[in-house]
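Take a look at the structure set out below.
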Amino acid sequence: MLVPRVLSIAGTDPTGGAGLQADLKAIVAHDGYGMGVVTALVAQNTHGVRSVHVPDVGFLREQLDAVSDDVVVDAVKVGMLGTVEVVRMVTDWLREHRPPVVVVDPVMVATSGDRLLDPQAAAAMGDLLVLADLVTPNRAELTDLVALAGGTAATPLESARLVARRWDVLVLAKGGHDTGPTSDDVLVRPDGSARTFRGPRVATSNTHGTGCSLSSAIATLAARDGDWELAVGEAKSWLTDALRGADALHVGTGNGPVDHGARTRAALPPVTWTDRWWTDVAETLDATRSCAFLEGLADGTLDPDVFAGYLAQDVHYLRAYEQHLRRLATASDGDAAAEWAAAAQGCADEARDLHHRRLAGTHADDPVHPTCAGYLAHLQDAADSGSLGVLAAAVLPCFRVYAWVGTQLGHAPEGHPFADWLGAYGDPTFAAASAAATARVEALAAAADPAERGRMARAHRRSTEWELAFFRMPTEPPGWRG
């Protein structure tokens, strides 16, 4: 399916909620390719418009021609025009190029109440509306269009019918400014027939840019689907979701913007912070799996004396690691405290078992290798940071990398010299402990601010690098360090 190429001709909003910026977000949210021609530079925010600068219309024409000389345009959304000169220039360009879909959002009055179209420009809008397929006025703008048509109307529906008949154009009479539990929009055809699109009224004051966003969404969908009713219905449903997500954005202190990405974000599979960190260290993990020590361990060719030397360093590591886990237990509450304490006891038991069972009579008195010392210094730095989250992130790779190595090495065949050790890597109980530790760290990351999460990510990354260094340590030349 061809991606609709949609051109927005509009003013700007430096806070991103309305105008050209909102148009582009809405276009992308509906799988379109957004393009933009600037009619006016608007100094505005969620409280209102401060000033408007309209560039020379010659430059406006250069922008328009730059697009049409190069790109096939499937749909055009026309927003803020501002002056009569701009209205006429855009009208001339549309008349020359006649894009398949033209939606005009007659931006005359902003959500804040500011007038965005001068009286002369409003009078010139008639020639533009003749070229439009759909016009999407709010209540105040619909009243202005009725006056421009030289008529009177008692109700919004009558007003929409008058405008539709006068300019032979579809009119979407929007109900966003009405009161009541619903917000209903009515699509009126030039013959007077109408279809109502019903929707719930979302209780929010963050409605900045709703008109811009809706019209751009409709233009994109109409270019894709070829049907106005489908386009209006889907765009309205999307805008309802965008309004529901608006309060969570916390953009500005006035009438904030809608959340253009609410629906897209909801459709994405959840990705946790610890998942992101794991993806971040993928290259380190690849190097870990292919290191000579693990290859020899897996195929049984590793020198037993080299393995014993590795275990001696593991004992040094586990004794210090146990203390860091106990520190986490002391600083935590509830189940987390109990789980960290259980993990610490597991370290103590493992270190004691290795020392007495595996190292009896060999390597038991080996000094701490520089690589092991470096890893332990890193963990101590994390502990000294005073951050529970940073220390938890730093200890996590010892859980997670070992559990992952177990899945990579698989089961040892009968008679394998390191069968018991490979079994320990792949132990389901340890895998469950790793998953639980990951969940505890995830909770800490979710509660942290961005700066703290950044420190946690860096601690996790460095620990994973030290895990690789630790596995390389037995087979690298003396003095090698990570």
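If you're matching positions, the sequence shown starts at 1 in the UniProt record's numbering and goes up one per residue.
Every residue, glycine too, gets a C-beta built ideally from N, C-alpha and C.
Quantities reported herein were computed from a predicted structural model and do not represent experimental measurements.
{"Check": "Collapsed DSSP secondary structure at Trp480 in the structure displayed", "Outcome": "Because the pLDDT of Trp480 is 40, which lies under 50, any placement of that residue in the model is unreliable, and the number read from its coordinates should be weighed accordingly. Coil at Trp480, not helix or strand."}
{"Check": "Candidates Ala469, Gly58, Cys212: closest to Val76 by CA position", "Outcome": "Cys212"}
{"Check": "Distance CB(Ala343)-CB(Ala433) smaller than 8 Å", "Outcome": "yes"}
{"Check": "Beta-carbon spacing of Thr204, Ala147 below 8 Å", "Outcome": "no"}
{"Check": "Where Lys236 falls: helix, strand or coil (DSSP)", "Outcome": "helix"}
{"Check": "Boundaries (first-last residue) of the alpha helix (DSSP H) holding Thr438", "Outcome": "428-447"}
{"Check": "Close-in-space but distant-in-sequence residues of the same chain around Glu295 (CB under 7 Å, 5 per side omitted)", "Outcome": "none"}
{"Check": "8 Å Cβ cutoff met for Val90 and Thr136", "Outcome": "no"}
{"Check": "Assumed close pair Asp74, Pro181 - CB separation to whole angstroms, cut-off 8 Å", "Outcome": "Actually they are not in contact, since the Cβ atoms of Asp74 and Pro181 sit about 37 Å apart, beyond 8 Å."}
{"Check": "Where the alpha helix (DSSP H) containing Leu170 begins and where it ends", "Outcome": "First-last for Leu170: 170-173, but that is the beta strand (DSSP E), not the alpha helix (DSSP H)."}
{"Check": "Buried or exposed (CB count within 10 angstroms, at least 16 for buried), Arg224", "Outcome": "buried"}
{"Check": "Segment contact, 8 Å Cβ cut-off, at least three pairs: the segment 365-376 with the segment 423-438", "Outcome": "no"}
{"Check": "Short Cβ contact (8 Å threshold) for Ala341 with Arg326", "Outcome": "yes"}
{"Check": "Length of the line joining the Cα atoms of Arg263 and Gly233", "Outcome": "15 Å"}
{"Check": "Proximity of His208 and Thr46 at Cβ, strictly below 8 Å", "Outcome": "yes"}
{"Check": "Between the CA atoms of Ala383 and Gly482 - distance to the nearest angstrom", "Outcome": "Bear in mind that the predicted position of Gly482 carries a pLDDT of just 41, short of 50, making it too unreliable to give a figure here."}
{"Check": "Per-residue DSSP class, three states only, for Thr15", "Outcome": "coil"}
{"Check": "Any 3 or more C-beta pairs closer than 8 Å across the segment 296-310 and the segment 405-425", "Outcome": "yes"}
{"Check": "Inter-residue spacing [alpha-carbon to alpha-carbon] between Gly151 and Ala446", "Outcome": "58 Å"}
{"Check": "Nearest-angstrom beta carbon gap, Ser463 and Pro413 [assumed within contact, 8 Å]", "Outcome": "Contact doesn't hold; Cβ gap of about 32 Å is too wide."}
{"Check": "Ranges of the alpha helix (DSSP H) found wholly within the segment 226-282, counting only runs of at least 4", "Outcome": "228-244, 262-267, 273-280"}
{"Check": "Rounded distance between the beta-carbons of Val87 and Ala124, thought under 8 Å", "Outcome": "4 Å"}
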